[in-house]
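Single-structure report; data block below.
So this is what it looks like as structure tokens:
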């Protein structure tokens, strides 16, 4: 019998530090630099354009065949990357709905990366941390014991997983075996307002339902879904041989922050035998404060809820949650056991095996739960809720300033934390206002004054302020309006 040759241990440079003390010094420098960066955030522009030379250097750098070393690569980060983010950690960033993060949760991400577990399951503490985080979040949303849940990378994927559960539970046939349409089965249809986020059309495509399955229901003047119109559409589709399976409500629409009537939608879903899912991307977090929770009254009646913790939970990207009233709904939708992943009574696989991989689509999962766990333990749910309530008061304050100003115009109601307005001084023709306000917005951003975003409300261009920023103060909103007026005057005052 021929002996198997023993492989030689090549003298390769290690991927761990060759000099641990030198690496310790660099790591301490990284931490110190990062803390200074966060501490001094208000002293920097809200955003600054990236010079062409910097962009070109990043984009056109050749593939590194030979490493340049830890210190040199960190220096490149300091000069090429750190000065040019999108600005969402700045106190005057209100563009789109992005979280601001906290120093504590950033360190939790570091700790999670050092531990580097795969949280698909296994017998390990990180699995139990995510389980308790899911339980805490379910309790915060008013769900009963026995609820299920899983953390995802963001709201889109959390909503997609929720829709997959809805399809499984309300299709009326074995969707796991037959796919999106069972043989001879009617088309599945689902219903949401015209204000719903774009994830839904993508999810219908991705899950094989087809974008035509999404029935767009009109909204009222308050931008909430018209429940009576939804009921009529369901009846019409059923009469036409379709199979209505899911109703989707929104907590905090993207454009105006409107929240649908969840009690009315839950009643309709019960009558029609439909799954009731809530897209709570940022608005579901209003449940965390007694001051704002009436906005999302009835959310606990939903069969499933998806929401982002990296938005109004102020955590670093990316972590979102999908909750279901019954854990069995998740397991029934996703559990699929391979022989090499079978649970054992003892050892690393423990008795629960791939716990979270049996409740979602991913087998490999990062330890996102740690920053949620550590933040809730360190700060408490009530403090997060208090910051959420303050953001809503800030939106009310900004809207009141707009309403009282003769040169500003409110373009939508402000039911939660989004304000839509425009600069509209006397003497400027209506057909110039869209271009004027778009230019004001761009100059606000380019000068680093503030970062709101833009949208269109009833055909009129709006400066949109989405407030999910725990660093903002009333003075920041005063500065925003001062900047709008100053730039507006520049653009409308005739040159001498």
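Numbering (the working numbering), first residue to last: 57 to 552. Virtual Cβ for every residue (Gly too), placed ideally from N, Cα, C. None of these values were measured; they are calculated from a predicted model.
Query	Result
Within 10 angstroms of its Cβ, does residue 346 collect 16 or more other Cβ (buried), or is it exposed?	exposed
Taking only runs that begin and end inside the stretch 386–470, name each unbroken beta strand (DSSP E) of 3 or more residues, in chain order.	464–466
How would you label residue 252, buried or exposed, when you count the other beta carbons within 10 angstroms and need 16 or more for buried?	buried
Within the continuous alpha helix (DSSP H) that includes residue 184, where are the two ends?	181–196
For the stretch 523–537 against the stretch 142–161, do three or more pairs of beta-carbon atoms, one drawn from each stretch, fall closer than 8 angstroms, so that the two count as touching?	yes
Mind listing, in chain order, the continuous beta strand (DSSP E) runs of no fewer than 3 residues lying wholly within the stretch 254–290?	270–273
Could I get the ranges of all uninterrupted beta strand (DSSP E) runs contained in the stretch 351–387, with 3 residues as the minimum, in chain order?	360–364, 376–380
Whole angstroms are fine: how far does the CA of residue 479 sit from the CA of residue 552?	The predicted model places residue 552 with a pLDDT of 45, which falls under 50 and marks its position as unreliable; any figure quoted below should be read in that light. Spanning the two alpha carbons is a distance of roughly 23 angstroms.
Quick one: residues in its chain with C-beta nearer than 6 angstroms to the C-beta of residue 290, no 5 flanking neighbours on either side, listed in chain order?	300, 328
Between residue 441 and residue 344, which are expected to be in contact by the criterion C-beta below 8 angstroms, what is the C-beta distance as a whole number of angstroms?	4 angstroms
Whole-angstrom Cβ separation of residue 545 and residue 207, contact assumed at under 8 angstroms?	Residue 545 to residue 207, Cβ: 48 angstroms. No contact.
Assuming residue 371 and residue 161 are in contact, meaning their beta carbons sit under 8 angstroms apart, how far apart are those beta carbons, in whole angstroms?	5 angstroms
Which two residues bound the contiguous beta strand (DSSP E) that contains residue 516?	516–522
Assuming residue 84 is part of the alpha helix (DSSP H), what are its boundary residues?	76–95
Tell me which residue opens and which closes the alpha helix (DSSP H) that residue 548 is part of.	530–548
Count the other C-beta atoms from every protein chain shown that fall within 10 angstroms of the C-beta of residue 534, then say buried if there are 16 or more, exposed otherwise.	exposed
Specify, as a first and last residue, the run of the alpha helix (DSSP H) that residue 128 falls within.	126–132
What's the call for residue 75, buried or exposed, on a 16-neighbour Cβ count within 10 Å?	exposed
By Cβ distance below 7 angstroms, which residues in the same chain neighbour residue 378 in space, the five residues on each side in sequence not counted?	205, 206, 208, 214, 217, 218, 360, 362
Under DSSP, the alpha helix (DSSP H) around residue 166 begins and ends at which residues?	159–171
Going by beta carbon distance, what residues of the same chain come within less than 8 angstroms of residue 235, once the five residues before and after it are set aside?	264
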